[in-house]
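Student: In the numbering used here, the protein residues as written are 509 to 1100.
So that we are looking at the same thing, I have put the structure below in structure tokens.
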Amino acid sequence: MFFLIMLLSISGLPLYEVREVIVKANYQPFVGTEIIDSTALNSQTGKNLTSIMEKNLPGVSFTRKGLVGFGVGTNSAGQISASGFAEVPATVVLVEYDGVPDIMGIFGHPIPDFIETGVFDMISYERGVTIGYYGSNAVSGRINFNFPRRTKEGFSLLTNLGYNNYGKLYGSLKYASKIKKLDWGVGLSGINFDGDRENDHYGNSQILGRIGYGVSSRLYFEIGGRYGAFDYDDPGPEGGQSGWSKVKRGDFRVKAKYDEARSKIESVVYRVSGHNEISDGWNSDDFTEGVKIMANTLALENTPMRFTLSYIKYGGKGKDVIKNKDYGKFSDNRGEICGSITHIFKSKLGITATGSVNYSDRHGSFILPAVLFEYSPVKSALNFSLGAGRKFRYPTLKETELFPKLGPPGAFKSDPNIRPEEFVEYEFGINGKPFSLSYECRLHYRTGKNLIGVEGRFPNLTQKNLGEFKGPGAELKLVWNPLKNIEMGTSGSYEKRDKGVLIGPQSILRLWASGRVTNFECEVDASYLKNPGTSENPLPDVFTLGVSLSYNFKWLKIYVDGDNLLNQEYELIKGYKMPRRNFSIGISSSFE
């Protein structure tokens, strides 16, 4: 992960560095941090990446995925629900690629399409009271996608090619190599299909990569970036108007790292740019650029500390090519200073205090304090956590500046005086890893005010602060390995649905069981979503069943993946029907 996650041990064992995460041996990470490593990603090549994330990350859900794609037109932009909470669009989940934020300059949200076609080495997910450390947008969670990387001499190559009965053709390649002081990695991926409805086409491709050089044992430089493009012919909601969209997205970053025995300093300079076209005439160019300096140190015994100083600028320009209207240029300059200190008492009790000061030249400053207590009475078998923290989200340029210039009177408009959204969260967690069992449970209570939403009926719509919400929630994950080649697990979440919690399933329950006999593997999974719609416009509950079968040769795997085997008709966004029963067949190869 680009921001180091301090997985703090209270066992008193010596520190070891694994990739870019500082851990202590035999320690179970505190509740609120999840990691999907390269082994888990590489072993599930027949699955959509969003499906893998939903299985492994409790409380994470995507409103559109797999065959359908996400799109950006007619309210079909993909939504990410994390920790039981989401907004339209996905503005309360901070999405980063190798530590660089994926936030459209004007609209202020990530584009989940590029998650689906990403080829990554590791995915990390953070949630909980201390997530306010990352500032605006990190309300319900932070998801970071790591580019391909190899830490030991040699190379690794993974390829995947598959076809679906809906006409979906997809493929990917991941390569990483290290020769002495030089290491590099690259990922390629593409999806193309025609859906089962008229005017339903989706194409998406992406390339990402990085190259690094270790000048010495302490100093390391790296450059990297990604570029992706997708086009989508959107049939629209049932009975609604069809449309299309074209999106391009790219970024470039330069990193420097300096390591000492007990400290690490990292810096990154980056720029993200994008181009968007929609059939209603919208045409825009967005950018996000900034610089971050991060320091992690163990200068004091049993007291890890981390600090971040960052500057970021969002902006863009938009126009309506049909009505020949120029909406103008907009930007927002922001700064952030963050600090986190943990102290471990007598190898059993840890206290973490975090704080961040955030500033926007449009919306002023915010201070986000948080505190987390962790107690481990039985080493890694039983850990408790208790904490509270403040979070917030600055309004996007779309919400405050863009649409007031649309005119004429009665048109969709925004309020320049919209206030930032504010949240306070309290949590209690328990986790552990006794024997062959791994478990974690997190209970939270969240309050929010100044929630930003749309009021009125089209075309007389206004964006404004709508009000408040409060309520409890819970997340659970349980994994059991009764035998070496058998795994059974469940994960789920619950969030009391209140007015203002705009989108995301109220309850999620996922079950899976997998096993391997010699070269044959099988996995069965089931998912239940209660009310995947909004608090004002609920949708019917959803139950789906899937199965994956594969046979492994020395370097080759042949797989068959089935989804929605019960042939359910369901929606995750009103008016957009999800695919019925479908099957994929493919091959993947791995060399090292």
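The beta-carbon is built from N, C-alpha and C at its ideal position, and this holds for glycine as well.
In whole angstroms, what is the alpha-carbon distance linking GLY744 and GLY626?
Tutor: Distance between the alpha carbons of GLY744 and GLY626 is about 25 Å.
Student: Inspect the beta-carbon positions of ASN654 and ASN1090 and report whether they are closer than 8 Å.
Tutor: no
Student: Does DSSP put MET813 in a helix, a strand or coil?
Tutor: The DSSP-derived three-state label of MET813 is strand.
Student: Can you give the Cα-Cα distance for SER855 and PHE795, rounded to whole angstroms?
Tutor: 46 Å
Student: Write down every uninterrupted run of the beta strand (DSSP E) in the stretch 606 to 693 whose length is 3 residues or greater and which is fully enclosed by it, in chain order.
Tutor: 630 to 634, 649 to 654, 662 to 672, 677 to 687
Student: Within 10 angstroms of the Cβ of PHE874, are there 16 or more other Cβ atoms? Answer buried if so, exposed if not.
Tutor: By the neighbour-count rule (16 or more Cβ atoms within 10 Å), PHE874 is buried.
Student: Looking only at its chain, what residues have a beta carbon closer than 6 Å to the beta carbon of SER1022, apart from the 5 residues adjacent to it on each side?
Tutor: Counting only Cβ-Cβ distances below 6 Å, and skipping sequence neighbours, we find GLU995, GLU1031.
Student: Ordered along the chain, which non-local residues of its own chain (more than five positions away) have a Cβ less than 6 Å from that of PHE729?
Tutor: Cβ contact annotation for PHE729 (same chain, cutoff 6 Å, sequence separation greater than five): TYR721, ALA764, in chain order.
Student: So, for MET802: in the same chain, excluding its five sequence neighbours on each side, which residues have a beta-carbon less than 6 Å away from its beta-carbon?
Tutor: GLU774, THR816
Student: Under a Cβ-count criterion, where at least 16 other Cβ atoms within 10 Å of its own Cβ denotes burial, should TYR1067 be classed as buried or exposed?
Tutor: Buried is the call here.
Student: Could you pull out every residue in the same chain whose Cβ sits closer than 8 Å to the Cβ of ARG1015, ignoring the five residues on either side in sequence?
Tutor: The amino acid at residue 1015 is misidentified as Arg; the sequence shows Ser. The residues are GLY1000, SER1001, TYR1002, GLU1003, TYR1036, LEU1037, LYS1038, ASN1039.
Student: Does the beta-carbon distance from THR908 to PRO928 come in below 8 Å?
Tutor: no
Student: What residue from GLY640, ALA684, GLY643 has the CA that sits closest to ARG657's CA?
Tutor: ALA684
Student: Answer with buried or exposed for ARG814, where buried requires no fewer than 16 other C-beta atoms within 10 angstroms of its C-beta.
Tutor: buried
Student: Classify PRO537 as helix, strand or coil using the three-state DSSP reduction.
Tutor: Note on PRO537: pLDDT 41, under 50, position unreliable in the model; no value is reported.
Student: Which residues in the same chain have their Cβ closer than 6 Å to the Cβ of VAL865, if we skip the five residues on either side of it in sequence?
Tutor: ILE845, ILE875
Student: Grab me the residues of LEU669's own chain with a C-beta within less than 7 Å of its C-beta, minus the 5 sequence neighbours each way, in chain order.
Tutor: GLY679, GLY1094, ILE1095
Student: Indicate the three-state DSSP secondary structure (helix, strand or coil) for ILE1101 in the structure shown.
Tutor: Nothing can be reported for residue 1101, as the shown portion of the chain is limited to 509 through 1100.
Student: Can you round the beta-carbon distance between THR667 and LEU681 to whole angstroms, since I take them to be within the 8 Å contact cut?
Tutor: 5 Å
Student: Just the C-alpha distance for GLN714 and GLY826, rounded to the nearest angstrom, thanks.
Tutor: 24 Å
Student: If contacts are defined as beta-carbon pairs under 8 Å, then LYS985 and PRO566 qualify, I think. What distance do you get, rounded to the angstrom?
Tutor: 5 Å
Student: When we look at the beta-carbon of GLN587 and count the other beta-carbons within 10 Å, is it buried (16 or more) or exposed?
Tutor: buried
Student: For LEU1074, which three-state DSSP category applies?
Tutor: coil
Student: Closest to GLY751 by C-alpha separation, out of TYR766, LYS772, ILE786, ARG770, would be which residue?
Tutor: ILE786
Student: Keeping to the same chain, check which residues put their C-beta closer than 7 Å to that of ARG1088; ignore five residues upstream and five downstream.
Tutor: ASN1072, ASN1075, GLU1077
Student: Just to confirm the assignment: which complete beta strand (DSSP E) runs, minimum length 3, are found wholly within the stretch 732 to 771?
Tutor: 751 to 767
Student: Does TRP1063 pass the burial test, meaning 16 or more other C-beta atoms within 10 Å, or should it be called exposed?
Tutor: Exposed: under 16 other Cβ atoms inside 10 Å.
Student: Kindly list the residues whose CB is nearer than 6 Å to the CB of ALA1102, restricted to its own chain and excluding five residues on each side of it in sequence; keep chain order.
Tutor: The question about residue 1102 has no answer, for the chain in this structure spans 509 to 1100.
Student: Quick one: Cα of ILE820 to Cα of PHE838, how far?
Tutor: 14 Å
Student: State the DSSP-derived secondary structure class of LEU1047, mapped to helix, strand or coil.
Tutor: coil
Student: Where does ILE852 fall in DSSP's three states?
Tutor: strand
Student: Quick check for students: name the residue ranges of the beta strand (DSSP E) that lie wholly in the stretch 944 to 1018, counting only runs of 3 or more.
Tutor: 945 to 965, 968 to 991, 994 to 1003
Student: If you drop the 5 nearest sequence neighbours on each side, which residues of the same chain put their C-beta closer than 6 Å to that of LEU857?
Tutor: TYR883
Student: Cβ atoms of GLU933 and ARG954: under 8 Å apart, would you say?
Tutor: yes
Student: Is it true that the CB of ARG770 sits closer than 8 Å to the CB of THR805?
Tutor: yes
Student: Roughly how many angstroms lie between the CA atoms of ILE631 and LYS831, to the nearest whole one?
Tutor: 42 Å
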